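Just below is one structure, and these are the notes that go with it.
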Amino acid sequence: MKVDWLIVGAGFTGATLAERIASQMNQKVLLVDRREHIGGNSYDCYDDNGILIHKYGSHTFHTNSKMVWQYLSKFTEWRPYFHQVLSVVDGKKIPVPFNLNSLYELFPPRYAEKLEELLISNFGFGTKVPILKLRETASGDLTFLAEYVYKKVYYEYTLKHWQLNPEELDRSVTARVPVYISRDNRYFQDTYQGMPKHGYTVLFSRMLRHPNIKLLLNTDYRELIGAIKFDRMIYTGPIDEYFQYKHGTLPYRSLRFEFQNMNQEYYQEVGTINYPHEYDFTRVLEQKHLTGQNSRHTTISFVFPQSYNPKENEPYYPIPREDNRKSYGLYAKEAEQIKDQVLFAGRLADYKYYNMDQAVARALTLFKEIAEKKI
Ligand code: FAD
Ligand code: UDP
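Take the position in the sequence shown, starting the count at 1, then add 26; the result is the number in this note's numbering.
This is the structure we're talking about:
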C-alpha cells in the first residue's frame with residue numbers, strides 16, 4: 027500500500043488535516059489511531075443507559091474564530107448551548123467564573139454591595155481579572171475578597187487537579203477562568219458557542235467520509251512502519267513518546283472518570299459542578315445538559331485527577347510551566363530537523379493546553395503552509 031500521507035491520531039488535529047489534504051489537495055491519506063474510535067479526546071458515544079456521554083470528560087465547543095466555526099459548520103449543525111458551572115464553596119453552589127452573582131450568593135447583601143462597588147470602581151464593569159492579578163492589586167476590603175476567592179475557588183481545586191499551587195503554573199492556567207465583574211453566569215463569552223447537533227463522533231465521521239481517506243483504528247502507527255509506503259507523516263501524539271523519551275518524559279496530568287447511571291431525569295442543576303474542597307474528585311459532569319437529550323435516565327461522571335504513567339493511563343493535560351516548556355524545546359528542536367519527513371501538531375505534539383478550536387486553528391494553519399509548500 028502507498029499513500030501520500032500517514033496521519034497519526036484521529037482527534038481534531040489529525041482529522042482536520044486529513045480532511046483538508048484529501049479534499050483540497052486530492053492526495054491520499056491513511057489516518058491511524060491506536061484507540062478503537064475516531065474523535066480523540068472529543069469522542070462521544072451512547073452508553074448502556076442510552077445516554078450520549080463524553081468518554082474523556084465534557085467537551086463544550088466555544089470559539090472567537092469565525093474561520094474555525096465556519097469550517098466545522100460544513101460538517102455539523104449546532105445546538106445552541108451556553109455552558110454554566112457551579113462550584114461548591116462554604117456549602118453553597120456559586121457560579122464560576124466567580125462574578126457579581128457569586129458575591130451575593132456568599133455574603134450578606136450590604137457587604138456584597140460594598141464589594142461590588144469596589145470591584146466596579148477599581149476594575150470597571152464587564153472586565154475579567156485573573157485571580158493572581160486581583161491578589162496583587164487588591165487593597166482594603168478587596169484584599170479580603172481576593173484572598174477569599176483565591177483560597178475557596180482556586181487554591182485547592184488547582185492543587186487537586188495539578189498537584190501544584192496556582193503560582194507554580196503559568197499564570198495563563200488560572201487566567202482561563204478569571205474573576206468576571208459582571209452578572210453573566212456563562213463559563214465562556216466567546217462569539218460562537220454550541221454543541222454539534224448529533225454529537226462529536228458524527229461530526230468526525232462526516233469529516234472523514236472522503237474517498238481519499240483510509241482509516242485504521244486499534245493500531246499504533248509504529249506497527250505500520252516498513253509495512254506501508256508514504257511520502258510524509260503528520261504526528262499528533264505525545265512528542266516525547268515519538269522520540270522514545272530521549273530527553274526524558276514530559277510531565278502530563280491524567281484523569282480517571284467514574285461513570286454512574288441514574289434512574290432519574292437529571293442529577294444536578296448544570297452540566298458541571300466543581301468540588302474544590304470536598305472529596306478526591308474535582309468535578310461532577312452531566313452531559314445531558316450539553317446535549318439536550320430527552321430521556322428519563324441520566325449518566326453522570328466523577329472526575330478524579332491522577333498522576334500520569336505512560337503504561338497505565340492517558341496524558342490528558344500538558345503542564346504549562348517554564349521548566350516543562352524548556353524540556354519540550356529539546357524535542358521541538360529534534361522535530362525541526364526531520365520536518366521534511368514528519369510534521370508535529372496538536373495538544374500532545376505541540377505540548378500546549380489547546381482547546382478544541384485552537385487545535386482546529388493550528389491544523390488549518392499548518393494545512394495552509396503545506397498547501398502553499400512553505401513547509
Ligand atoms: P487528541 O484529541 O488527544 O487526539 C490525539 C490522538 O492521537 C488520540 O486519539 C490518540 O489515541 C492518538 N495517538 C497518539 N499516539 C498514537 C500512536 N502512537 N499511534 C496511533 N495513534 C496515536 N476543549 C474545548 O474546546 N472544550 C472543552 O470543553 C474541552 N474539555 C476537555 C476536557 C478534558 C478532560 C480534556 C483532556 C480536554 C478537553 N478539551 C476541551 C481539549 C480537547 O480535548 C483538545 O483540544 C483536543 O482533543 C485536541 O485534539 P488533538 O487532535 O490535538 O488531540
Ligand atoms: N480553576 C480553579 N477552580 C475552578 C475552575 C478552574 O482553580 O473552579 C483553575 C484550575 O487551575 C484549572 C484552571 O483554572 O485547572 C483551568 O480551568 P478550566 O475549567 O479551563 O480547566 P479544564 O476544563 O481545561 O480542565
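Ideal placement from N, C-alpha and C gives every residue a C-beta, glycine not left out.
Just so we're clear, the structure is a prediction, and the values are computed from it rather than from any experiment.
Determine the DSSP secondary structure at residue i, reduced to helix, strand or coil.
i: S327; result: strand
i: Y218; result: strand
i: R61; result: coil
i: D366; result: coil
i: I239; result: strand
i: N287; result: strand
i: Q332; result: strand
i: K154; result: strand
i: R347; result: coil
i: L281; result: strand
i: I251; result: strand
i: Y292; result: coil
i: R209; result: coil
i: R202; result: coil
i: E312; result: strand
i: L98; result: helix
i: R105; result: strand
Give a yes or no on whether the C-beta atoms belonging to residue i and residue j are separated by under 8 angstroms.
i: V111; j: T298; result: yes
i: E62; j: N339; result: no
i: G220; j: F87; result: yes
i: K223; j: E395; result: no
i: T184; j: L158; result: no
i: G83; j: A36; result: no
i: Q50; j: W31; result: no
i: V34; j: T262; result: yes
i: D167; j: L141; result: yes
i: D266; j: Y357; result: yes
i: G76; j: H323; result: yes
i: I346; j: L195; result: The sequence shown places Pro at residue 346, not Ile. In contact: P346 and L195 (Cβ atoms closer than 8 angstroms).
i: F108; j: R212; result: yes
i: I64; j: F283; result: no
i: H402; j: S353; result: Shown here, the chain extends from 27 to 401; a query on residue 402 therefore has no answer.
i: L392; j: L43; result: yes
Could you spell out the range, first to last residue, of the beta strand (DSSP E) harbouring residue i?
i: S113; result: V111 to V115
i: T275; result: From DSSP, T275 is part of no beta strand (DSSP E); its letter is neither H nor E.
i: F307; result: Taken as a continuous stretch (DSSP letters only), F307 belongs to no beta strand (DSSP E), as it is neither H nor E.
i: I79; result: L78 to H80
i: N127; result: Counting along the chain, N127 falls outside any beta strand (DSSP E), though it belongs to the alpha helix (DSSP H) covering L126 to L132.
i: L234; result: From DSSP, L234 is part of no beta strand (DSSP E); its letter is neither H nor E.
i: T89; result: F87 to T89
i: L32; result: K28 to V34
i: D70; result: D70 to Y72
Quick check on the DSSP output: the alpha helix (DSSP H) that includes residue i runs from which residue to which?
i: D257; result: Looking at the DSSP string, D257 is not in any alpha helix (DSSP H); the run it does join, the beta strand (DSSP E), is K255 to Y261.
i: K119; result: Taken as a continuous stretch (DSSP letters only), K119 belongs to no alpha helix (DSSP H), being part of the beta strand (DSSP E) at K118 to V122.
i: T298; result: T298 -> not in any alpha helix (DSSP H); beta strand (DSSP E) instead, spanning T298 to N300.
i: H187; result: E182 to W188
i: E139; result: P135 to F149
i: V175; result: D167 to V175
i: I401; result: Looking at the DSSP string, I401 is not in any alpha helix (DSSP H), and its letter there is neither H nor E.
i: F38; result: F38 to Q50
i: Y268; result: I265 to Y268
At a cut-off of 7 angstroms, would you count residue i as near the ligand FAD, judging by its Cβ distance to the nearest heavy atom?
i: R61; result: yes
i: G297; result: no
i: Y377; result: no
i: R373; result: yes
i: S91; result: no
i: G220; result: no
i: F370; result: no
i: N244; result: no
i: L98; result: no
i: R248; result: yes
i: A387; result: no
i: G150; result: no
i: N339; result: no
i: F87; result: yes
i: A361; result: no
i: F38; result: yes
Mind checking whether the beta-carbon of residue i lies closer than 7 angstroms to any heavy atom of the ligand UDP?
i: N300; result: yes
i: H315; result: no
i: H187; result: yes
i: T42; result: no
i: Y354; result: no
i: V122; result: yes
i: R202; result: yes
i: V205; result: no
i: Y183; result: yes
i: S198; result: no
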